[in-house]
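Note that the sequence shown covers residues 38 to 497 in the working numbering.
Structure first, commentary second.
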Amino acid sequence: MVPSLTGSGSGLHVAPVNTAAGMVCRRVFARRARAPIPAGGCMAEYSVFSLVRHALSGHRSWNRAWRDPEPRRHYDVIIVGGGGHGMATAYYLASLHGVRSIAVLEKGWLGGGNTGRNTTIVRSNYMLDENAHFYEKSLQLWEGLSRDLNFNVMFSQRGVLNLGHSDGQMDSFARRGNAMRLNGIDAELLDRDQVRRMVPYLDFSQNARFPIRGGLLQPRGGTARHDAVAWGLARAADRHGVDIIQNCEVTGFEMSGNRIRAVETSRGTIGCDRIGFAVAGHTGHLAAKLGLRLPIETHVLQACVSEPVKPMIDSVVTFGVGHFYVSQSDKGGLVFGGDLDMYNSYAQRGNMPLIEHVISAGVSMIPSLSRLRVLRTWGGVMDMSMDGSPIIGLSPIDNLYLNCGWCYGGFKATPGSGWVFAHTIATGAPHPLNSRLSLDRFSRGRMVDEPGAGPFPNRH
Ligand SMILES: Cc1cc2nc3c(=O)[nH]c(=O)nc-3n(C[C@H](O)[C@H](O)[C@H](O)COP(=O)(O)OP(=O)(O)OC[C@H]3O[C@@H](n4cnc5c(N)ncnc54)[C@H](O)[C@@H]3O)c2cc1C
């Protein structure tokens, strides 16, 4: 049950948390429970009345959406990484599990990593049970996220369509669609005419290089506004007393036996009882400071946006023979992306040959794209796992919890990842939804190999 916020003259109160996890966790953290942060006085409240009030005063008196606190000397839980996953984890830890003393440490600015750099596709069209149930939970959380956060994350269920170009590919789509339906997830197998009615601008000509045979549609999939997700989660977490500390890089750790006693940061040493990593492409780098070697490789992934055009594409479409996917943003730009740059790097930028490859795949799929100009390209650093599935759970260090291995697809996992990671940190044990997504699956040989490419992160 999501607790409701009730305002009063003296402050915000978190309504009772009725989950078993919440009860366990409240006992664990009860001795440190702090008073909730002061009432919304300094925080922005969003409602139709506040919008009208601020409109009448020229929008000059809005309050900050979240505080900018100095780090305290100690927190019950420290989350490293102020992307969507870190913020969602902090939000659910505070709101569902009643943890009062939480800091999110971010080396740059909130949402400046992959959360602010992705193509925003949200879906749960997975075949293997471990991924299907987890991503479906995440999709269900997306469906109520704007209301939960009182912040419009612009979640738009416009449908995600994978194009099929051969009989073999259509067979594999039928198999995946059936697996999805058996897991209670929406899936529709479309023939060529149905695809044509839905997206007529694709290349259906007689001499198309890659003829379209049909497609697999997940109608509940779609897109969300990436910045809004980070901001909405930050504002909601802040309302629950979470300290969001930006420009605070974690540079090392103080150990006490097999536990982390404190983190060393660019803003001083901060003690903690438990710590969660949600640093995506920097996970290997940070884990190495603890002597851990993880089955993660960091790769660059780029995306592009075209100049704005009139509404043209009202769904998400992925190409079946090349790595290309496209949707149209609310500002009119066509947002598209493709494959990895195929070399390891921590630089958040890529190279031109890959852009050329992506554009040529796009023009094969939608010939009229050739008349558009690309406005911007950018890159992010991806945490590619060795089986294409995420790692969410315990680590070899007693009080360290890992959230990584998101590969191309962690944005859609944002609420689900935070939800199960918060449970794992609060209770010290994984939730059933992430129990199979553990780190030790690699040593036990129980991989969740959804891409079927084996231990080759660059072949996903
Ligand atoms: C071009 C591109 C397109 C993508 N498209 C999609 C898509 O369409 N759909 C989808 O589901 N996913 C997509 N993804 C993947 C998705 O963006 C990521 O998997 C997801 O955003 C990861 O979120 P995060 O919170 O784990 O990481 P991030 O948002 O990267 O946050 C991690 C944060 O940790 C911080 N950090 C790192 N090291 C430290 C340190 N030592 N101390 C403190 N802070 C630190 C970083 O500054 C960063 O802000 C795409 C990614 C890219 C790059």
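Glycine included, each C-beta is placed from N, C-alpha and C at the ideal position.
Bear in mind the structure is a predicted one, so any value in this text is a computation, not a measurement.
Return the residue from the list Q243, A245, I249 and I222 that minimises the CA-CA distance to R233. I249
Compute every distance between the C-beta of W268 and the non-hydrogen atoms of ligand 2, then say whether any falls below 8 Å. With respect to ligand 2, the structure offers nothing, as its ligand set consists of ligand 1.
Between L165 and T306, what straight-line distance do the alpha-carbon atoms span, to the nearest angstrom? 42 Å
Is there at least one non-hydrogen atom of ligand 1 closer than 8 Å to the beta-carbon of I158? yes
Just to confirm before moving on: does the CB-CB distance between G121 and T451 stay below 9 Å? yes
Between the alpha carbons of V346 and V141, how many angstroms are there, rounded? 39 Å
Cβ neighbour criterion (16 or more within 10 Å) applied to Q243: exposed
Is it true that the CB of G148 sits closer than 9 Å to the CB of A261? no
When DSSP labels each residue in this structure, what does E143 get in the three-state scheme? coil
For S203, the nearest candidate out of L176, G251 and I158 (CA to CA): G251
Does R184 come out as helix, strand or coil in the three-state DSSP assignment? helix
Flag Q339 as yes when its Cβ comes closer than 8 Å to any non-hydrogen atom of ligand 1, and as no otherwise. yes
Using only the heavy atoms of ligand 1, determine whether one of them is closer than 8 Å to the beta carbon of H394. no
Measuring alpha carbon to alpha carbon, tell me which of S397, A317 and R483 ends up nearest E143. A317
Around the C-beta of M379, are 16 or more other C-beta atoms found within 10 angstroms, so that it is buried, or is it exposed? exposed
For the putative contact between L323 and V287, defined by C-beta atoms under 8 Å, what is the C-beta separation to the nearest angstrom? 7 Å
Do you know whose CA, among F448, Q255, Q206 and G465, lies nearest M31's CA? Shown here, the chain extends from 38 to 497; a query on residue 31 therefore has no answer.
Reducing DSSP to helix, strand and coil, say where I74 ends up. Residue placement at I74 is poorly supported in this model, since its pLDDT is 47, which falls under 50; the coordinates still yield a value, given next. Coil.
Does the beta-carbon of F290 have 16 or more other beta-carbons within 10 angstroms, so that it is buried, or is it exposed? buried
Starting from R137, trace the beta strand (DSSP E) in both directions and tell me its first and last residue. Per DSSP, R137 belongs to no beta strand (DSSP E) and is neither H nor E.
Assuming F210 and L253 form a contact by the criterion Cβ under 8 Å, report the distance between their Cβ atoms to the nearest whole angstrom. 4 Å
Is V117 closer than 9 Å to V279 when the C-beta atoms are compared? no
Using only the alpha-carbon positions, how far apart do P492 and I429 sit? 18 Å
Close beta carbons around V372, own chain, < 6 Å, minus the five adjacent residues each side: T156, V342, S364 and S366
Tell me, to the nearest whole angstrom, how far the beta carbon of A540 is from that of V136; I am working on the premise that it is less than 8 Å. A question about residue 540 goes unanswered here, because the residues of the chain that appear run from 38 up to 497.
When the distance is taken between beta carbons, is G259 closer than 9 Å to G195? It should be pointed out that residue 195 corresponds to Arg in this sequence rather than to Gly. Yes, the pair counts as a contact, with Cβ atoms nearer than the cut-off.
Count the CB pairs spanning the segment 389-409 and the segment 223-230 that are closer than 8 Å, and state whether there are at least three. no
Any non-hydrogen atom of ligand 1 closer than 8 Å to C444 Cβ: yes
For Y438, count the other beta carbons within 10 Å of its own beta carbon; 16 or more makes it buried, fewer makes it exposed. Which is it? buried
If you check the beta carbons only, do Q255 and I222 fall under 9 Å apart? yes
Taking the straight line between their C-alpha atoms, what separation do you get for R110 and R218? 50 Å
Within 9 Å, strictly: CB atoms of M484 and S426: yes
Shorter than 8 Å, the distance from the beta carbon of E143 to the closest heavy atom of ligand 1, or not? yes
When you compare the CB positions of Y128 and L270, do they come within less than 9 Å of one another, or not? yes
Less than 8 Å separating the Cβ of W415 from some heavy atom of ligand 1? yes
F448: beta carbon under 8 Å from a heavy atom of ligand 1? yes
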